[in-house]
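Below you'll find the structure, written out as structure tokens, and then a few comments.
Residue numbers (UniProt numbering), protein chains in the order written: chain L, 1 to 604; chain E, 1 to 604.
See below:
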């Protein structure tokens, strides 16, 4: 390669969509030296993905970003189902919770156009002096194959050539002025379904396209349809539609199409010249009869797509280049999974890269990214196959007894609720997921995110959601469930644990162990009248605000269900929460050795 | 008067403490031409008032300011009581809710230093291009006594001469450069306990000083006392103290003093040379024994004061000059009322001034300011006398059976809870408080603020607190409780009401009636399965978001108690909420005439 500038960076992120921005934002927040590039001259303004699932909102909250999201976005609390009625039109069957999972902290989805979601990251990155370099494309990438280079924490084994495009986003002749070399410790390809990074590194997509063709229009509706502000699935004898209400007064309508109407018969690809938004609305009107939709003043956005369900064969090359988001998996948009799964890929990767770059974790930690996220993507495709089939099927009726019944559709909707909300995502046993002592907190599933619960701060009785004690600050949280700290015998056990953890041989005394790698907190089952917060050993309360109790608050309206809902008994337990809010392991209160073994699996 | 510049302004606010800032902010938010001056060269940085009561937090929320307040401030959820124990020291008696009122939306107080609270107003005013002019003092004020001028909406009957001070806040020789004349339609004196406006206009303070002398220190404590983060009242045989935890790790300690220790025996005034913060801490230590307080690195602030309990004999001159806040009432700070009462004076006045200035209301509306707020101040003084006596009294013990028992103190604390939280404040019958139809909503007290309750938006099932439908946007809110709108007979009544309200002779058709003076909303008792939001008459739903239902939300955890908790029956009712969130009146669903009579009392 010959080029003008040459530079070094810890992480180069290619692509500034939701996955790339979550990655760059998360790394920047962790203080990692990161650069992010994108081929588009300006950011997306409308359309594209727009739904955030409950777990994704929790992640935004863990970064302090949820407040703005909730202010700007629309909240979908209800799903309505319409089916054929006896008069040849459609009628309301029922309204159900939009989120079927029972332990969602945010029991709704947020809809907001992709540009506004990206702006949340961009504005917060700007405050940290990280901006998207654009328009730029990578034109070549080389990854060292030398094991000693690959394993050297100080090396930059990935060399990427970049070309700056002109202001229209067009490629011009390569010159030393418009090209540069970036040497990166790590590269993250977040460059979408047609990922250049993936294709250039020869990673295959496995899976297939379906026959389901859908159209999408975004508009402010002028209608008498009364469920235009709910997520509404319409199964009529004249086609299927789905409404997704949006910010301001906008809605998105997904419209099932006949293949012949929108697909080029030779190439089998979508032919957008066959149909515009007006024609899509015309198709939709047939499903909505007897309700009417007048022609809107304008369509904000529209598209037509064929559902494809594919997963990348691997997510990494040498654990030095990773792909995230649409570059790894594509599926139907109607269950609102794409952008969510993509951002959560990055969220899973960010803390692992950070710990390795800081020298806290061994490089083997990075293997858990593909292990955890590719498994999830496969589950997602399986779910999507079932859901798309039900959704695209004809409704059951007297003339069509083989059709999809409302009960069948609703059951699928609810069965998959934990999964589609993102809060039922489960990571299998690995170097960072150890389930040996699951029985100590039977309902706090190791490998899943910590479910919301209210506890009280011991010193002042202020209620908190436990999730807010687990911010995305790259630290492991070691929650010492002390049992009843006002019982001297129980307190003695807690004191012993603190001593053991500080004794030679414990993980905490290992020289490579970063002192900011974890934070201790104590959660006592003492009540608010008897608790004395400052009897807890100093190791477990670096500040008065780090001791909590499981009791109802002074209003009597919340709290007091933490131990019981998690299934933690009076002997207590130690719960290790990963930096991404997932339970990593649980150990007995009397065994510092088990904590030491857990951290030994992946720390440097 | 002779002076350089001469200008005209709708409202001149004198004094930029909490009362003055709430006034100027509220007026600016309403789009009123307002100017605010202050004699201090810079704003307060520490100390002084620091507690916000539940009702005051509700007001901040109604302006969209609560989020920042809750982020920056400390929350006090618990009050702890310590009394003499058998070993000669003190022991915990019990911990109780800090807020004793049952229907507080925010069941806690927020503590934050006055400068930070003022900054919330200042930053928001800055965004509206209103800043405090400082350092400036008024040197003369003249109010016209000509009735035709006073009643003329276009006149500027108040002439105030201002002098600009030097950068140290010192007065220099008057010149045409440093003086100016302001002609104001209205002047608000928010210039504190020693109010120049009040004294210059010859308004007397009525009441007296007490013998109770208290010291105050602000610090980050170094202590083993376990209730340092609760509001803690300590009654020992060696004196009384009170802890108020603050933002960051700070606390404020109120310390009871002997008169001889801090008061000049000749002048009977506080002599701060007799005691510094170190000596105050020494006095406090005696009360806290056996707990210890080490000398802190520094004291953030300290003072010594004698409790005075006085109310101004009137609150206005010609209803053209008003006084608010400490200028009208002084009392003990320990129940945390001063700043709250002061800001709420302004909050009461702001919408009235706005409606008169816009030509919507007759000037008689302004009389309700003194009527409502002076009555409240007198109640406050009466409460304060009882509370201060209990607080300053010796604890009951075997040696002192006449002392104040814990039960007596706690009972007072709880009895006054509704009052001290600000949410039990009750305005009497007047031109804007009409209680004739109280029975239609027996538990929604006319003359009190609308208590929080969850309702659902009909179109999308999203839960809201009813208080959030009542923002401080200067509009009356007319809440049409429709009964069950899915019952055709009931819906017909609602439709009739809409027609009557739009018929000639109705208040709405009066030419002087500002179309932005009120907003209609509909609240149906239909359930979330049957409701069809767009059957509600168009008058009551200017937007799809203006129709609500009283039902439990999709999680089953909240909502569905609105009609029952307010005592509204199936026939419905119309509830008129004043711009300050207080219930103005309630009328039957079948009587537009009663609405017309209500508004006729005070509209222009």
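Just so you know, even glycine gets a beta-carbon here, dropped at the ideal spot from N, CA and C.
Computed from a predicted structure; not experimentally measured.
| request: Starting from the Cα of residue 588(L), find the closest Cα among 579(L), 569(L) and 604(L) and give me that residue. | output: 569(L)
| query | With 16 other CB atoms within 10 Å as the buried threshold, where does residue 163(E) fall? | reply | buried
| task | Tell me, please, whether the CB atom of residue 229(L) is closer than 8 Å to any CB atom in chain E? | result | yes
| First and last residue of the beta strand (DSSP E) that includes residue 609(L)? | Residue numbering for chain L in the displayed model covers 1 to 604; residue 609(L) lies beyond these limits and cannot be assessed.
| Can you find at least 3 beta carbon pairs, one from the stretch 309 to 327 of chain E and one from the stretch 11 to 26 of chain E, that sit closer than 8 Å? | yes
| query | Any heavy atom of the ligand NAP within a distance shorter than 7 Å of the CB on residue 314(L)? | reply | Annotation note on the ligand NAP: not contained in the displayed structure, which lists no ligands.
| Does DSSP put residue 117(L) in a helix, a strand or coil? | helix
| task | Report the residue ranges of all beta strand (DSSP E) runs contained in full by the stretch 245 to 304 of chain L; include only those spanning at least 3 residues, in chain order. | result | 251 to 257
| query | Taking all protein chains shown into account, do 16 or more other C-beta atoms lie within 10 angstroms of the C-beta of residue 168(L), making it buried, or fewer, making it exposed? | reply | exposed
| request: Classify residue 198(L) as helix, strand or coil using the three-state DSSP reduction. | output: helix
| request: Mind checking which residues open and close the beta strand (DSSP E) that includes residue 74(L)? | output: 74 to 76
| message | Check this for me: beta carbons of residue 98(L) and residue 231(L), under 8 Å apart or not? | response | yes
| Any idea what DSSP makes of residue 594(L), helix, strand or coil? | helix
| query | Should residue 42(E) be labelled buried (16 or more other beta-carbon atoms within 10 Å of its own) or exposed? | reply | exposed
| query | Is the Cβ of residue 459(L) closer than 8 Å to any Cβ of chain E? | reply | yes
| said: Using 8 Å as the cut-off, can you tell me whether the stretch 525 to 533 of chain E makes contact with the stretch 542 to 556 of chain E, which would need three or more C-beta pairs spanning the two stretches below that distance? | reply: yes
| task | Note the first and the last residue of the continuous beta strand (DSSP E) segment covering residue 352(L). | result | Residue 352(L) -> not in any beta strand (DSSP E); alpha helix (DSSP H) instead, spanning 338 to 357.
| request: Give every residue of the same chain whose Cβ lies closer than 6 Å to the Cβ of residue 431(L), excluding the five residues on either side of it in the sequence, and list them in chain order. | output: 601 and 602
| Taking the DSSP output, what are the residues bridged to residue 35(L)? | 12(L)
| task | State buried or exposed for residue 161(E), treating a residue as buried only when at least 16 other CB atoms are found within 10 Å of its CB. | result | buried
| task | Could you tell me the boundaries of the beta strand (DSSP E) in which residue 585(E) lies? | result | 583 to 587
| task | Mind listing, in chain order, the continuous beta strand (DSSP E) runs of no fewer than 3 residues lying wholly within the stretch 214 to 245 of chain E? | result | 231 to 236 and 239 to 245
| Helix, strand or coil at residue 533(E) according to DSSP, with G and I counted as helix | helix
| What are the start and end residues of the beta strand (DSSP E) that includes residue 102(L)? | Element bounds for residue 102(L): n/a, residue is neither H nor E.
| residue 94(E) versus chain L: which residues are under 8 Å apart at the beta carbon? | 529
| request: Measuring only between beta-carbons, confirm whether residue 606(L) sits less than 8 Å from chain E. | output: This structure gives no information on residue 606(L), because the portion of chain L shown stretches from 1 to 604.
| task | Provide the residue span of the beta strand (DSSP E) that contains residue 481(E), from first to last. | result | 476 to 483
| task | Given a cut-off of 8 Å, decide if residue 240(E) and residue 102(E) are closer than it, judged by their beta-carbon atoms. | result | no
| Mind checking residue 91(L): buried by the 16 CB within 10 Å criterion, or exposed? | exposed
| message | So, does the stretch 529 to 548 of chain L touch the stretch 484 to 503 of chain L, judging by three or more C-beta pairs under 8 Å? | response | yes
| task | Could you work out which residues of chain E lie near residue 532(L), taking near to mean beta carbons separated by less than 7 Å? | result | 226
| field | DSSP bridge partner residues for residue 5(L) (one or two, in chain order) | value | 180(L)
| task | Would you mind telling me which residues of chain E sit closer than 7 Å to residue 113(L), beta carbon to beta carbon, in chain order? | result | Within 7 Å Cβ-Cβ: nothing; residue 113(L) doesn't reach chain E, min ~18 Å.
| Closest Cα partner of residue 8(L) within the set 33(L), 67(L), 434(L) and 314(L) | 33(L)
| field | For residue 82(L), the three-state DSSP class (helix, strand or coil) | value | strand
| Unbroken beta strand (DSSP E) run spanning residue 109(L), endpoints | 109 to 111
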